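The sequence shown runs -21 to -1, 1 to 274 under mature numbering (1 follows the signal peptide of the UniProt record, and there is no 0). All C-beta atoms in this analysis are idealised placements derived from N, C-alpha and C, irrespective of residue type, glycine included. Please read all numbers here as calculations on a predicted model, not as lab measurements.
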Amino acid sequence: MKKVVLSAVIAMALAGTTFNAAALQAPKSSPYDFRIKTVVYNPVDVVRIDAVAGLFTHIVVSPDESYITHAFGDSAGWIFSHKLNHYFVKPKTEMSDTNLTIVTDKRSYNIVLHYIGETTTKNADGTETKSFIKTPWSMKQATLQLTYEYPFDEQKKASSVAEKKRLTEKLRESAFAGPKNYQYEMSDEPEMADIQPIHVWDNYRFTRFEFPENADLPQVYYISSSGKETLPNCRPVGEHNNILECQNVAKEWRVRLGWTKVVGIKNINYVPSAGAISTGTASPDVRRVQKGGDN
């Protein structure tokens, strides 16, 4: 069996397969402290950690992950502990190189642990001398903290948020499609200027009132056929949520803020039948069906 394994190793060496180094991802040192390192998470990559005798290495993963399990190739030479998304490993025996896999509810982390127990110094005659590390915290290659980064996930999340916002706006605008009526007039008392809408328009089904950005949105009422102020079903829309969209059209409107401020608005081109659609509802995609009927 030993001969077979040795032959395989020799064959890979002759083929130029440097599997031991090329497969390992080297973390990037912080510009502020070379012992604090970061690495981009890659599920098909193995990360190397250089652990120094006498020191813990702190591994930080995404805070939205929960620990499930971990495993060492040889657990006899290492101490492991964890709290939330923080993991700690420390060598406890010499020559204890091994691998570590950490499994969370979202990812698996494959790590090679390399033990550093001595340092090499070059003598004046060019020879090298190895000695025990007296100050392990000063070792440049030592990894005191390794933080995983997830730029691709963050980019996907940002793209998802942007796409969701785009679709939301598209749906809102699609509900306000069709011909528009901009023929409105309003009262213009100076003392009521702070509650006057900037624009008023409708698509013969819904009516929109645009107010200044960051302004307090007043209450909007329409005058019903009985001559009473009636509260319509409205919602804020637009990038800054400064547009009130009311799900009806009316000949007259009132904009109120408290009991003392009111603006009257009149729809000059009020044509109730112009907004009618064949479905019998406010949406061309939703059809009114008589209960128990054939339609």
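Runs of the beta strand (DSSP E) lying entirely within the stretch 161 to 223, each at least 3 residues long, are 163 to 165, 178 to 181, 186 to 189, 198 to 202, 213 to 216 in chain order. The three-state secondary structure of residue 35, taken from DSSP, is coil. Residue state for residue 29 is assigned as strand, using DSSP reduced to three classes. The residue among 126, 249, 20, 239 with its C-alpha nearest the C-alpha of residue 173 is 239. Here residue 244 is near residue 163, since their CB atoms are less than 9 Å apart. The alpha carbon of residue 127 has as its nearest neighbour, out of 25, 237, 250, 235, the alpha carbon of 25. The shortest C-alpha to C-alpha distance from residue 81 to any of 65, 70, 71 is the one to 65. Around the CB of residue 102, fewer than 16 other CB atoms lie within 10 Å, so the residue is classed as exposed. Within the same chain, and ignoring the five residues on either side of residue 48 in sequence, the residues whose Cβ sits closer than 7 Å to its Cβ are 82. The C-alpha of residue 89 is placed about 20 Å away from the C-alpha of residue 71. Check the Cα spacing between residue 203 and each of 189, 228, 54: the tightest is with 228. Across the set 224, 60, 27, the C-alpha of 224 shows the shortest separation from the C-alpha of residue 200. As the crow flies, the alpha-carbon of residue 249 is around 18 Å from that of residue 242. In the DSSP assignment, residue 235 falls within the unbroken beta strand (DSSP E) covering 231 to 236. Apart from sequence neighbours up to five positions away, the residues of its chain that approach residue 211 with a beta-carbon distance below 6 Å are 201, 225, 227, ordered along the chain.
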